[in-house]
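Read the structure below first, then the notes.
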Amino acid sequence: MYFRELNNELLRLKAYFPVIVVTGPRQSGKTTLCKMAFQDYAYVNLEDELVRDEVATKRKEFLMTKGNLIIDEAQNMPEIFSMLQVMVDENPELRYVVTGSNNFSLMQNITQSMAGRAAMLILLPLSFSELTADDKSIDVDSMMLRGFYPAVLAKKVPARDAYRQYYNTYLQRDILQVLNIRNMDEFRRFVVLCAARVGTEFNAQGLSNEIGVSIHTIQSWMNVLEASYIVFHLRPFYRNIGKRLVKKPKIYFYDSGLVCYLLGIQNAEQLSSHPLRGQIFENMVVADMMKGLFNKGLDNNLFFFRDSSQHEVDVVQEDGLQLKAYEIKSAQMTHASFYQNLDYFRKLMGDDVVSTKIVYAGKEELPISNNGFVNYLHLK
Numbered sequence: 017m018y019f020r021e022l023n024n025e026l027l028r029l030k031a032y033f034p035v036i037v038v039t040g041p042r043q044s045g046k047t048t049l050c051k052m053a054f055q056d057y058a059y060v061n062l063e064d065e066l067v068r069d070e071v072a073t074k075r076k077e078f079l080m081t082k083g084n085l086i087i088d089e090a091q092n093m094p095e096i097f098s099m100l101q102v103m104v105d106e107n108p109e110l111r112y113v114v115t116g117s118n119n120f121s122l123m124q125n126i127t128q129s130m131a132g133r134a135a136m137l138i139l140l141p142l143s144f145s146e147l148t149a150d151d152k153s154i155d156v157d158s159m160m161l162r163g164f165y166p167a168v169l170a171k172k173v174p175a176r177d178a179y180r181q182y183y184n185t186y187l188q189r190d191i192l193q194v195l196n197i198r199n200m201d202e203f204r205r206f207v208v209l210c211a212a213r214v215g216t217e218f219n220a221q222g223l224s225n226e227i228g229v230s231i232h233t234i235q236s237w238m239n240v241l242e243a244s245y246i247v248f249h250l251r252p253f254y255r256n257i258g259k260r261l262v263k264k265p266k267i268y269f270y271d272s273g274l275v276c277y278l279l280g281i282q283n284a285e286q287l288s289s290h291p292l293r294g295q296i297f298e299n300m301v302v303a304d305m306m307k308g309l310f311n312k313g314l315d316n317n318l319f320f321f322r323d324s325s326q327h328e329v330d331v332v333q334e335d336g337l338q339l340k341a342y343e344i345k346s347a348q349m350t351h352a353s354f355y356q357n358l359d360y361f362r363k364l365m366g367d368d369v370v371s372t373k374i375v376y377a378g379k380e381e382l383p384i385s386n387n388g389f390v391n392y393l394h395l396k
């Protein structure tokens, strides 16, 4: 059993909102977390057709007799939100925890029915800080290959078996519920090509040409992958907010294990010499930064920086006017060249930059570098 850091936010928000919505990818541990945090709540799962029929038949009576309630996989019954609106307005002492794995469906219904009544939280696969000492004892390549889904770690399921089943059941089923895809082979090629472009700018035109479908189709497929918590985007950093909306974002996956499966990487030895190893390592670190934000109930404030001179910083974290910059390297040893772009960025942005750090794959805690500003983080 893993302690999930989001547990603290769940308990804090309970005092302020009658409904807490916990969303995130399938198998990320939403049900387990909610049951552990609210052990005195009743529980229903709307994946069960018989349960859905019972709720639809009794509606208000069903919710009233249950009292405080965890409602699992709520996207299967969108009308539940209008029922909850009536219940919490008439009975402000009642508390509901709603989970779901399709953010598009959930957000539609929350904005229509639950505005001002619901708090939204996102639970992603395990973060580094949530891993056990045993989980962290393996080498970096094995860690990237294994990924961070709780069920994979807890049950010791071989990574390739776990992600094959994950893709063939949850991912394809969720996609088919939203999109009318006539050729699943084309969609699978799209997902694989996204994995091959992890850590690079998302180019809808290039994917459209390679797969032979329209740009509109590519964009709709990408929207569904985002709504299903398979991929996310890192937008470019500019002080001019408008430019962030028109420049191309980078694409990342929420889990490195799924990336490895899609790329056909079968073991750690293959990954250690794979041409995309550095990008997969970067993906793992950036996803962990995202988990750290969401586990605290915070919004995404991560960007990447690249200017016309091709100076690039992997991650820029913006907190008001203050900036933190991170360079991510998959090497086992460090080199002075690692912080050249960080120095450039600090000189460019001046005193707004409050820290610059390098995340690398080595095991040693390194001292602050000679420039007095950069320090090194490691993964162990």
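To convert, count from 1 in the sequence shown and add 16; that's the numbering used here.
Every residue, glycine too, gets a C-beta built ideally from N, C-alpha and C.
Across the set K266, K259, P108, F297, the C-alpha of F297 shows the shortest separation from the C-alpha of L274. A straight line joining the alpha-carbon of E217 with that of R133 spans about 37 angstroms. Close CB contacts of K264 within its chain, under the 8 angstroms cut and outside five residues either way in sequence, are with E217, F218, N219, P252 (chain order). Under the DSSP assignment, F269 falls in the beta strand (DSSP E) whose first and last residues are 266-269. In this structure, V240 lies away from F269, with their beta-carbon atoms at least 8 angstroms apart.
With 16 or more other CB atoms across the displayed protein chains lying within 10 angstroms of its CB, S244 is buried. Here S117 is buried: its Cβ has 16 or more other Cβ atoms, across all protein chains shown, within 10 Å.
Distance from the Cα of L195 is smallest, within the candidate group S236, G294, I231, A72, for S236.
Annotated three-state conformation of F297 is helix, per DSSP. Non-local beta-carbon contacts of V370 in its own chain, meaning distances under 8 angstroms to residues more than five positions away in sequence, involve Q338, L339, K340 in chain order. Under the three-state reduction of DSSP output, D155 falls in the coil class, being neither helix nor strand.
In the structure shown, the three-state DSSP call for R251 is strand.
Just so you know, the alpha carbons of Q181 and I36 end up roughly 30 angstroms apart. In terms of Cβ geometry, I227 and E202 form a close pair [threshold 8 angstroms]. Judged by DSSP in its simplified three-state form, L241 adopts helix.
In the DSSP assignment, Y342 falls within the unbroken beta strand (DSSP E) covering 338-345.
Between the stretch 297-308 and the stretch 142-149 there are three or more inter-stretch CB-CB distances shorter than 8 angstroms, so the stretches are counted as touching. When only Cα atoms are considered, A178 and A303 end up about 19 angstroms apart.
When L161, G222, E25 are compared, the shortest CA-CA separation from G313 is found for E25. In the DSSP annotation of this structure, E202 is not part of any beta strand (DSSP E); the continuous alpha helix (DSSP H) holding it starts and ends at 200-212. A58 has its alpha-carbon roughly 50 angstroms from the corresponding atom of E328. F164 sits close to D271, with the two beta carbons spaced by under 8 angstroms.
Secondary structure of Q221 (DSSP, three-state): helix. Classified as buried, R42 has 16 or more neighbouring CB atoms from the shown chains inside 10 Å of its CB.
Boundaries for Y112: no alpha helix (DSSP H) harbours it, while the beta strand (DSSP E) harbouring it runs 112-116, taken from the DSSP string. Secondary structure of N92 (DSSP, three-state): helix.
Per DSSP, reduced to three states, the secondary structure at N61 is strand. Under the 10 Å beta carbon count, S44 is surrounded by 16 or more other beta carbons and is classified as buried.
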